[in-house]
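Number of protein chains: 2
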Amino acid sequence: MDIRTLCLGVLSRGDATGYEIKKAFEEGPFGHIHAASFGAIYPALGALSDEGMVLGTEQAQEKRPDKKVFSITAQGRAALDAALLAPPGDDKVRSDFLFILFFANHLPVAHLAGLIDRRIAWYRDTLARMETCGHCAERPGEVFVHGLGLTIYRTAAEYLSANRGRFLDQVSAANHLAAE
Amino acid sequence: MDIRTLCLGVLSRGDATGYEIKKAFEEGPFGHIHAASFGAIYPALGALSDEGMVLGTEQAQEKRPDKKVFSITAQGRAALDAALLAPPGDDKVRSDFLFILFFANHLPVAHLAGLIDRRIAWYRDTLARMETCGHCAERPGEVFVHGLGLTIYRTAAEYLSANRGRFLDQVSAANHLAAE
DNA sequence: AAAGTATATTCCAAATCTATATATGTCGCT
DNA sequence: AGCGACATATATAGATTTGGAATATACTTT
């Protein structure tokens, strides 16, 4: 899914600035669905504007930098709907956390314990935010995707909590064996 | 986590060609942990070779193209261990599937049903492969990460199966309301 | 009063991905 | 027997994307 389609998706739910679109991919409704950076969003908005998919309106602000508010056009909505019909590619994941844990035998047990604890805390915080969010209680698609996210995060947090102790013991044992 | 570290990680488990490293990130042990492409792997191996982190040996093959088998050096192992100590960045996910489902109200119900069914089938196939894989029964880190992956995929497949019917009904209902 | 966070955009080098080219063998299908 | 599809193997050009820095200003915390 290219960035231009992602921006159209955000704008289809309401007007937004580039900055707000970025936030939608961080903490907002698309928080754990798709990542996107400033360096990709702003050029994409420029291209979409040139193609008539969005309309950008500059707004001077008194106590803030000027901002450009973008709104999606009828043509943009049509392009979004067409892009949504294309068969989805495979999910792509990049998890430093899992890569590091994979090599647990390279690391001190205390370091591993810290990594796991911080990750469990992250899940708790994220779940707390997700459970009290309003933006996802309306359209069925949003509710469905949100529910899947909640379910996966709860399961992951439970797995880490339930297996933490045994895992750390096993790493200790393996390290002692290797040291002999 | 940069590609050079990812390559060192794969090579720390045994010698491999660039092609085999790619496979490790597709179906292999790093299958759903981290994505990486040819266009990144080959230049990374070249750089690692220049820096003395890996040793590349060219091997002529009778019935296949020549291949370069890389093996990690002591310096490479040290660099890997150092990189593993750095604090992990946030996980990055890119899911076309979730993005499309989010906009369920833009799509025909039959199309959504197909998307969900294909995704459930993908989970079943992937789980079957993961459950019978040998590479993950040894080191505690690999077992732990593999177990988390299995748990998450099982949960996701169950969520999709359990909520599929209700979701499609809700989309139908919402579409009928909107048509009035 | 300094430091940090938040709003807001832009640019750029470096990293990375996609797609393709090259070469060859095997497998199944018709 | 011939054809396409797929697997092995490397490499590169071109496009995209990332991640960081630069630029402003205002509010909040220390």
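Chains as they are written, first to last, in this note's numbering: chain A, 113 to 292; chain B, 113 to 292. In this text, a Cβ means the ideal position worked out from N, Cα and C, and glycines have one as well.
Per DSSP, the bridge partner or partners of residue i
i	result
Glu146 (chain A)	It is worth fixing the name first, because residue 146 (chain A) is His in this sequence and not Glu. Beta-bridge pairing links His146 (chain A) to B:Arg206.
Ser167 (chain B)	The sequence shown places Leu at residue 167 (chain B), rather than the Ser named in the question. In the DSSP output, where bridge partners are listed per residue, Leu167 (chain B) has B:Ser183.
Ala128 (chain B)	B:Phe182
Chain B contact residues for residue i, given Cβ-Cβ distances below 9 Å
i	result
Gly126 (chain A)	The contacting residues do not exist; Gly126 (chain A) stays about 14 Å from chain B at best.
Val122 (chain A)	Correct list: empty, because the minimum Cβ distance to chain B is about 10 Å.
Close beta carbons around residue i, own chain, < 7 Å, minus the five adjacent residues each side
i	result
Ala225 (chain A)	Leu280
Ile115 (chain B)	Ala148, Ala152, Ile153, Ala156
Tyr265 (chain B)	Tyr235, Thr238, Leu239
Pro133 (chain B)	Inspection of the sequence shows that residue 133 (chain B) is occupied by Ile rather than by Pro. Cys119, Val122, Ile153, listed in sequence order.
Ala159 (chain A)	Arg116
Glu163 (chain A)	none
Chain A contact residues for residue i, given Cβ-Cβ distances below 7 Å
i	result
Leu196 (chain B)	Ile212, Phe215, His218, Leu219
Glu254 (chain B)	Phe214
Leu239 (chain B)	Those do not exist, as Leu239 (chain B) stays about 14 Å from chain A at its closest Cβ, beyond 7 Å.
Met113 (chain B)	Asp208, Phe211
Leu260 (chain B)	Ala268, Tyr271
Option nearest residue i by Cα separation, candidates the options
i	options	result
Glu254 (chain A)	B:Ser273, B:Phe211, B:Ser284, B:Val122	B:Phe211
Leu213 (chain B)	A:Leu120, A:Phe214, A:Pro252, A:Glu170	A:Pro252
Val166 (chain A)	A:Asp229, A:Ile264, A:Ser124, A:Pro141	A:Ser124
Leu260 (chain B)	A:Thr267, A:Leu262, A:Gly261	A:Thr267
Ala269 (chain A)	A:Glu243, A:Arg241, A:Tyr235, A:Val257	A:Tyr235
Ser273 (chain A)	A:Ala233, A:Arg206, A:Ala198	A:Ala233
Ile145 (chain B)	A:Phe215, A:Gln171, A:Leu192, A:Leu197	A:Phe215
Val221 (chain A)	A:Asp203, A:Arg278, A:Gln187	A:Arg278
Ala194 (chain A)	A:Gly140, A:Gly143, A:Met113	A:Met113
Cys245 (chain B)	B:Asp178, B:Asp203, B:Pro141	B:Pro141
Ala198 (chain B)	B:Asn287, B:Leu289, B:Thr117	B:Thr117
Ala128 (chain A)	A:Glu170, A:His218, A:Gly143, A:His288	A:Glu170
His218 (chain A)	A:Lys135, A:Ala286, A:Val257	A:Ala286
Tyr271 (chain B)	A:Val257, A:Val283, A:Arg231	A:Val257
Gly143 (chain A)	B:His223, B:Lys204, B:Glu138, B:Glu250	B:Lys204
Ser207 (chain B)	B:Arg231, B:Asp178, B:Gln173, B:Ala172	B:Arg231
Leu196 (chain B)	A:Ala190, A:Leu196, A:Phe209	A:Phe209
Other residues of its chain near residue i: CB distance less than 6 Å, five sequence neighbours each side excluded
i	result
Gly168 (chain A)	Ser161, Lys180, Phe182
Arg276 (chain B)	Ile228
Gly188 (chain B)	Leu120, Met165, Val166
Ala172 (chain A)	Asp178
Ser284 (chain B)	Val221
Close beta carbons around residue i, own chain, < 8 Å, minus the five adjacent residues each side
i	result
Gly130 (chain A)	Phe150, Ile153, Tyr154, Leu157, Lys180, Phe182
Leu262 (chain B)	Leu239, Met242, Glu243
Gly201 (chain A)	Met113
Leu192 (chain A)	Thr117, Leu120, Gly121, Ser124, Ile184
Ala223 (chain B)	Here residue 223 (chain B) turns out to be His, not Ala, going by the sequence shown. Excluding sequence neighbours, His223 (chain B) sits near nothing in its chain.
Ala290 (chain B)	Asn217
Partner residues on chain A for residue i, Cβ-Cβ distance less than 8 Å
i	result
Arg251 (chain B)	Ala216, Asn217, Ala286
Val257 (chain B)	Leu210, Leu213, Phe214
Q) Residues in the segment 263-290 of chain A with C-beta within 7 Å of chain B's C-beta atoms, listed in sequence order? A) Thr263, Ile264, Thr267, Ala268, Tyr271, Asn275, Phe279, Gln282, Val283, Ala286
Q.
Short of 8 Å Cβ to Cβ, which residues in the segment 208-221 of chain B face chain A?
A. Against chain A - using a Cβ distance shorter than 8 Å - the residues of the segment 208-221 of chain B are Asp208, Phe209, Leu210, Phe211, Ile212, Leu213, Phe214, Phe215, Ala216, Asn217, His218, Leu219.
Q. Just by C-beta distance, which residues in the segment 131-162 of chain A are closer than 8 Å to chain B?
A. Pro141, Phe142, His144, Ile145, His146, Ala147
Q. Listed in chain order, which residues of the segment 164-194 of chain B have Cβ atoms closer than 8 Å to some Cβ of chain A?
A. Leu192, Asp193
**Q.** Short-range partners of chain B found in the segment 224-239 of chain A, where Cβ spacing is below 8 Å
**A.** Using a CB distance below 8 Å, the part of the segment 224-239 of chain A facing chain B consists of Leu227, ordered along the chain.
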